[in-house]
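Numbering (this note's numbering), first residue to last: 326 to 478. Every residue, glycine too, gets a C-beta built ideally from N, C-alpha and C. Given the structure is predicted, the values throughout are model-derived calculations rather than measurements.
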Amino acid sequence: VATISANGERVIGESIARAMEKVGKEGIITISDGNTLDDEMEVVEGMKLNRGYMSPYFVTDQKTQKCELENPLILIHDKKISDLNFLVRMLEIAVKMNRPLLIFAEDLESEALTTLIINKHRAGIKVCAVKSPGFGDNRRVNLDDIAVFTGGE
Numbered sequence: 326v327a328t329i330s331a332n333g334e335r336v337i338g339e340s341i342a343r344a345m346e347k348v349g350k351e352g353i354i355t356i357s358d359g360n361t362l363d364d365e366m367e368v369v370e371g372m373k374l375n376r377g378y379m380s381p382y383f384v385t386d387q388k389t390q391k392c393e394l395e396n397p398l399i400l401i402h403d404k405k406i407s408d409l410n411f412l413v414r415m416l417e418i419a420v421k422m423n424r425p426l427l428i429f430a431e432d433l434e435s436e437a438l439t440t441l442i443i444n445k446h447r448a449g450i451k452v453c454a455v456k457s458p459g460f461g462d463n464r465r466v467n468l469d470d471i472a473v474f475t476g477g478e
């Protein structure tokens, strides 16, 4: 099947088949042009989300425009976060545990988003907020998947 999908190119078909075998039926395969004449395969563990951070102020690497957090606490919330007291408590827990905080939520009220940004820039708290992927029931399923993948409850 992979060779047929590659217009009969056996070598490409075999590469695709190896990639499919490695990642399994739930995996994602991305094919891109490389800088060499050789075919290469790189397997990256993780989860791909079609969402990014809620604000560019969460960027940790200006050059790549990425936000990278090591061993963060992860807050998964299926609704919009508007309670500032709740948010401050989460930040306090992260600071007390000396861990970054990654938040997945439907959205953040503007004051809540501002609170995170100010705490990141003024207090140096490592934090990032991401809009939950999907809509409706699909959003809940995606959040459940994120919880399972990250070892959450």
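Taking the DSSP output, what are the residues bridged to residue i?
i	result
residue 378	455
residue 484	With the chain covering only 326 through 478, there is no way to say anything about residue 484.
Excluding five sequence neighbours on each side, which residues of the same chain lie with their C-beta closer than 7 Å to the C-beta of residue i?
i	result
residue 396	424
residue 329	none
residue 380	438 and 442
residue 469	none
residue 376	455, 456 and 458
residue 387	none
Tell me which same chain residues have a C-beta within less than 6 Å of the C-beta of residue i, skipping the five on either side of it?
i	result
residue 419	398 and 426
residue 335	328
residue 452	426, 441 and 445
residue 340	364
residue 404	431
Answer yes or no: do residue i and residue j have a C-beta to C-beta separation smaller than 8 Å?
i	j	result
residue 455	residue 474	no
residue 431	residue 464	yes
residue 479	residue 433	Any property of residue 479 remains undetermined from this structure, which presents the chain solely from 326 to 478.
residue 331	residue 338	yes
residue 409	residue 450	no
residue 471	residue 401	yes
Output needed for residue i: all residues of its chain with C-beta closer than 8 Å, excluding positions within five of it in sequence on either side, in chain order.
i	result
residue 320	What the structure shows of the chain is the stretch from 326 to 478, and residue 320 is not part of that stretch, so it cannot be assessed.
residue 466	459
residue 477	399, 401 and 471
Next item on the list: May I have a chain-ordered list of the alpha helix (DSSP H) segments no shorter than 4 residues that lie completely inside the segment 338-399?
Entry: none
Notebook entry, point to check: What are the complete beta strand (DSSP E) segments, minimum 3 residues, inside the segment 419-447?
Noted result: Note on the segment 419-447: whole beta strand (DSSP E) runs with a minimum of 3 residues are 426-433, in chain order.
Checklist line | Stretch-stretch touch, CB-based, cutoff 8 Å, three pairs: the segment 356-368 with the segment 381-396 | finding: no
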